[in-house]
Structures are given as C-alpha cells and as structure tokens.
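Going down the list, the sequences are from chains A and B. This note's numbering applies: residue 1 is where the first sequence begins, and numbers increase by one. This note's numbering applies: residue 215 is where the second sequence begins, and numbers increase by one. Below: one structure, written as structure tokens.
2 protein chains.
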Amino acid sequence: MPADALLALEPRKTPVQARSAVTVQSISEATIQVLLSQGAERLTTTRVAERAGVSVGTLYQYYPNKRSLLFAVLENHLNKVAARVEAVCESARHKPLAGMIQEMAEAFVDAKMERADISVALYRISTGLGGPLLVKQVGQRLRRAVEAMLGTATDAKSPPDKFAVEIMLSAMGGAMRSLLEAGSNPSPATVRKAREQLVLLCQSYMAAATAKRV
Amino acid sequence: MPADALLALEPRKTPVQARSAVTVQSISEATIQVLLSQGAERLTTTRVAERAGVSVGTLYQYYPNKRSLLFAVLENHLNKVAARVEAVCESARHKPLAGMIQEMAEAFVDAKMERADISVALYRISTGLGGPLLVKQVGQRLRRAVEAMLGTATDAKSPPDKFAVEIMLSAMGGAMRSLLEAGSNPSPATVRKAREQLVLLCQSYMAAATAKRV
DNA sequence: TCCTTTGATGAAGGATTCTTCAGGTTTGGT
DNA sequence: ACCAAACCTGAAGAATCCTTCATCAAAGGA
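Quick look at the structure:
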C-alpha cells in the first residue's frame, strides 16, 4: 500500500478564524445528514456542501478529497466513544468484576445511543478503505483499557484472556449495530432492555472465560 | 419508499441453456473477486464483466441493474448460511441446552469460515440499500429456528426470551465480522479458538438469560 | 484607514459510470 | 440442413461526480 494513501487523508487546513470553525462544523454535520437521508452511494461533495450552506470550493479548502472528509467524521465519532469508555474503565477500578463490566457496558451503550443518528450514518461508510483499520485500532485501544481495569478486580480471578476481551467487545459492538440498524430509533424501553441484556452478556461471558482458565 | 424499488432487484432472465448457466455463475464469482480486490467503491459492472470474461451487455441480460447484481449475490450467501444453521438446529433437538448451543454456534462459525472470502467481500456491500433489510429478515429466520430448538431442551428451563436470542445471534455475528475483517485469513489455530470462545459466549449468556427469568 | 491573510464562491474540465441497443453467433429441435 | 430462440458483443449516449482555480469578500492588526 502506498505511503501517500494515509497522507491524503489528513485535513488540508486548520480553521483559525471563528467563522471558518463554524463552517467546518457545519460540513461535518451536513455529512451525517446527507449520509442518513441519501445513503453512502449518493453522498456527494457537492451535496454535502449544499446542505452545509457553503460552496464546494470551501469544502475542499479543509479536506483534500472526499475520502478524507468521511474519514475525519468517522474518526471523530470513534474517538469520542472510545474516550468515554476509557474514562469509565479508569474510574471503575478496584471493584468486583461484575460491577466493572456493568459500568463499562452501560457506558458503551449510552455513548452509542446518545447520538444514534451518527452511529447509524457512520455504519454506512465504516466499510470503506481505512474504515476497518480505524475500527481495529480503536478496538485495540478499548481492549487495553478494559484489560487494565479487569486486572484490578477485587474478587481477583486469573487475569483476563486477551482474545476473550476482544470477543466480548466485538460481540457487544455487533449487537449494538444490529439494534441500531434494525430501523426506527429504538424506544426508551428497548434501550433499557438492551442495556440490561448486554450487561448480562458481558458479565456471564467474562465470568465463564476467567473461570475456565486452568 | 416506492414499490418498484423491490421489483427492480429481481433478476431479469433465467438461464435455460447450459452455457448461460455457466455465465451467470462466473458473473457471481467475478463480483466477489472484484469486491475483494478493488473494494465496493471501485466495483463496476464493466469491471465485473471483464473479470468474468463476458461483455457488459451479457451482465445486463440477467440483472436489470448493478444493485440487483449485488443484492442477488448477498442474498445467495445469506441463504446458504441460514440454511445450514437451520439444519443443525433441527437435528440438535431434544438434547441438553449446552450441547444444542454448541452445535449451533459451531455451525455458524464453520459456515462463515468455509468461504471467508465471500463473507469479507459481502460485508462491503451489506450496508447498501436493501442490505440491512435482508440481514434483518435472515436474522428473524434464524431466531425462529433457534427458539424452536431451545424449546425442546431436555434440561428444560423456562422458554427462551425472544429478545435474548436476538442479542445472542447478533453478538455472534458481530464477533465473527470483526474477526474476518481484522485482515489476513485467520490461521486454523485462531479459528479453533474462535469457535471455542463463541460457544462459551453463547452458552454462558443463554444459561444466564434463561435462569434470570422470574 | 490600509493591507495582508484568511475564507468563500461556483463554473468548468476531465474522468467515470450505468445502461441500452442494433447486430452478430451459437444451440437445439425438426 | 434449416430456423427460431437463446445468447453474446461492445461502442456510445446520457448522467454524474470529483476537483481545481481565478476571483471576490471579510477580518484584523499596524
């Protein structure tokens, strides 16, 4: 893979004045909106600019190409979710295992649900080039945070299995995705139930996985 | 949504001679190949035809448009996987719960792994219009099969929760996806470990979910 | 106030892509 | 051998799309 494939994704110019900061923000928002209303196939730089209320030229002043725009939006969202889960993982140390997992899983569900529209929109581009890579990176980052937390469990079982943690996280992510993509924004009751069930899923699996260690 | 959006996805003509059957098959295969080597973005009807060794016109004799081609390939794969899991669900009735789950989960992993290339390729288009719908339908179909199986468990707990089964299936699917998209085709050792862990995940969750019922 | 930087505009070039159709080739029955 | 049906071809029309650049407007320090 060519080295400039990554460089071409970096933003082109950073806003220095206030109005341009607004512009960049509205371009980001417009990307989500177009993604939701038209789909990834019909997402066009022109359409995004139109929806943002600026001209195409303006868009290209901050993003060198279409892909870099999508990449930036995706990266931004993933980082926010990861940061929130990491924070919870740090503050939940030195507790019993079940409680730690519960806090972590709930934080994950909440972070995704809070702006369900963004999540749904981004699923539609998470498959493009660079997407799986980002997801993988963030996944690793999350895994490390969870592992560090689990290491401090008061009811210390054997240390958690690296592979098992990965499985747990991707399973949780998959279930959330399926739920969000299922259609109309889920009712509060559904969200409650999902939280509860995902907590149960993670708890029971982690308990089984750490116990099984010989 | 317009009604003809679905009709436009139906195949245009069904092969009657032997050579045309070969042609459509090679078009299907070529679609996978192009998807893997070029990505969804660069998948072109012309490129698919080229790779299949036929001309574009031929392709359009069997598929009314590009989307119908992708839809057909995706549908075919999902149906195969679903059929296999359903078959196992039927033959695994009247056993203890843990054993049933194990057979089901292993069948799922095997079905996905057997042609990992197809799975990976199709993830790249499963997000297009009609994709989530198909996935949802197949998910429901699978859920019913699993529920029917669980109802016959010899160590009968309370009947399984509908929502919980959905969670389990989507979690399993998500974990598999993450694994497959992680990159280079996983080693046999990784596959073994994945099978084992996914079985554990499903077993422990189902046990916890049925036990929790009041 | 004046001038340099920063920000915004949008028409147009260049490149792809989807899809059709008029005309040729192959197959299989009679 | 003959013919109708099935099948294949691929150049070309019509529609988008990405990206650039010459030009204009706003901002803010000197």
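A virtual CB, placed ideally from N, CA and C, is assigned to each residue, including glycine. Being a predicted model, the structure only gives us computed values, none of them experimental.
Proximity to residue i [Cα-Cα], best of the options
i      : options                        : result
B:S384 : B:L273, B:K350, B:R406         : B:K350
B:A297 : B:R357, B:S242, B:D369, B:M420 : B:R357
A:A175 : A:A105, A:V81, A:T44           : A:A105
A:R51  : A:E29, A:Y62, A:L74, A:E147    : A:E29
A:V73  : A:E196, A:A121, A:K193, A:G183 : A:A121
A:A156 : A:P96, A:K66, A:V24            : A:P96
A:F61  : A:K193, A:A40, A:E10, A:R195   : Sequence check: residue 61 of chain A is Gln here, not Phe. Out of A:K193, A:A40, A:E10, A:R195, A:E10 has the C-alpha closest to the C-alpha of A:Q61.
A:D110 : A:A18, A:V191, A:A49           : A:V191
A:G183 : B:S418, B:R233, B:T341, B:Q411 : B:T341
A:R177 : A:R124, A:C89, A:L201          : A:R124
B:G253 : A:A153, A:G131, A:Q140, A:S119 : A:G131
B:T258 : B:L284, B:A301, B:Q239, B:F322 : B:L284
B:L415 : B:E395, B:T366, B:M314, B:M386 : B:M386
B:G313 : B:T368, B:A232, B:P229         : B:T368
A:K66  : A:M168, A:T46, A:N185, A:Q140  : A:T46
A:A194 : B:S333, B:A425, B:M382, B:L394 : B:M382
Neighbour-count burial assignment, residue i, 16 or more Cβ in a 10 Å radius
i      : result
B:D331 : exposed
A:V22  : exposed
B:S282 : buried
A:A3   : Note on A:A3: pLDDT 39, under 50, position unreliable in the model; the coordinate value appears next. Burial call: exposed.
A:S91  : exposed
B:S269 : exposed
B:A362 : exposed
A:Q197 : buried
A:V214 : With a pLDDT of 47 at A:V214, under the threshold of 50, the modelled position of this residue cannot be trusted; read the value that follows with caution. Exposed, because fewer than 16 other Cβ atoms sit within 10 Å of the Cβ of A:V214.
A:E114 : exposed
A:A87  : exposed
B:A359 : buried
Straight-line Cα distance separating residue j from residue i
i      : j      : result
B:V299 : A:R12  : 49 Å
B:T245 : B:N290 : 13 Å
A:M206 : B:A421 : 13 Å
A:L129 : A:L36  : 20 Å
B:A423 : B:P374 : 8 Å
A:A8   : A:L134 : 15 Å
B:P402 : B:K376 : 34 Å
A:C89  : A:E103 : 8 Å
B:F322 : A:L150 : 30 Å
A:Q33  : A:E41  : 14 Å
B:V413 : A:R93  : 29 Å
A:A18  : A:L78  : 25 Å
B:P229 : B:V238 : 8 Å
A:P186 : B:S418 : 26 Å
Alpha helix (DSSP H) segment containing residue i, residue limits
i      : result
A:T46  : 45–52
A:I167 : 162–181
B:N293 : 280–305
B:T455 : Lying outside 215 to 428, the shown extent of chain B, residue 455 of chain B is not represented and no answer is given.
B:E328 : 311–328
B:E361 : 345–364
B:G271 : 270–276
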